[in-house]
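Notes follow once the structure below has been shown.
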Ligand code: PGA
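Numbering (the numbering used here), first residue to last: 354 to 606.
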């Protein structure tokens, strides 16, 4: 049985350490003892030490929105995986659509980051998803297949089944409405088939596939009912602790 998982990347929506602390405290009050689902938040790097204090002994875990694809060396402005580990990060987000498009993130480096995440004992949350033009040209599934193969390349089965695949169609991020639940469910089935073909039935049964892209308290109700949707990855509509809680509540079975 796959445990449902609800994550929230704060991106740069929350843009001060004070605001991060307050939000963390609010979340902890509402959900700090909730153990029926897995939960994580991903603040900006410099907020992590504060969140590690606020969420000490909490059920809500935390992590980072990115990290360097190398362990050390001359990589100006980058964050080494070891530092995230030292700060107590349990998760690290890898390959978000904004990083792929604004910061030129490539599949090859995404794979390096996934491997490093395991080396440093963190769970990689790998974002995959087709762009609007891929959808129009009917090549969305091919694109996703390639992203999955890159993400999981070289992992043992034990590690591969721990990866969280966040399916985030680029055309549904930052919009008023999410992708339709049928569309998402169908894609998740497709993603699980690819994993099965490449890594076998066991991994495909255990790997968690969550949906992200304009998820909120309302549309998460429907998403939570579908067998192949193991949780959600929330952006703008999960920044208020109450909203995040409503979304989490929808996934409690
Ligand atoms: P959004 O972001 O919920 O604000 O659309 C989702 C994401 O990019 O993960």
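Think of the CB as a built atom: it goes at the ideal place given N, C-alpha and C, for glycine as much as any other residue.
- request: Within the same chain, show all residues whose beta-carbon is closer than 6 angstroms to that of residue 565, passing over the 5 residues directly before and after it, in chain order.
  value: 519, 521 and 586
- request: Given a cut-off of 8 angstroms, decide if residue 361 and residue 394 are closer than it, judged by their beta-carbon atoms.
  value: yes
query: Can residue 601 be considered in contact with the ligand PGA, in the sense that its beta carbon sits closer than 7 angstroms to one or more heavy atoms?
result: no
message: Just to check my reading of the structure: residue 447 and residue 478 have Cβ atoms closer than 8 angstroms, yes? What is that Cβ distance to the nearest angstrom?
response: 7 angstroms
- prompt: Can you tell me the Cα-Cα spacing of residue 488 and residue 494, whole angstroms?
  reply: 9 angstroms
message: Do residue 463 and residue 503 count as a contact pair if the criterion is CB distance below 8 angstroms?
response: yes
task: Alpha carbon to alpha carbon, how far is residue 552 from residue 372? Give it in angstroms, no decimals.
output: 42 angstroms
task: Use the C-beta contact count for residue 427: other C-beta atoms within 10 angstroms, 16 or more gives buried, fewer gives exposed.
output: exposed
query: Between residue 449 and the ligand PGA, is the CB less than 7 angstroms from at least one heavy atom?
result: yes
Residue 530 versus residue 588: straight-line alpha-carbon distance, rounded: 13 angstroms
Whole runs of the alpha helix (DSSP H) within the segment 496 to 567, excluding any shorter than 4 residues: 510 to 513, 534 to 552 and 554 to 559
- prompt: What span of residues does the alpha helix (DSSP H) with residue 444 cover, start to end?
  reply: Looking at the DSSP string, residue 444 is not in any alpha helix (DSSP H); the run it does join, the beta strand (DSSP E), is 444 to 447.
- prompt: Do residue 587 and the ligand PGA come close, with the Cβ less than 7 angstroms from some heavy atom?
  reply: yes
Beta-bridge partners of residue 477, as assigned by DSSP: 445
task: State the beta-bridge partners of residue 362 as determined by DSSP.
output: 395
Where the alpha helix (DSSP H) through residue 436 begins and ends: 434 to 439
query: Is the closest heavy atom of the ligand PGA to the C-beta of residue 526 under 7 angstroms?
result: yes
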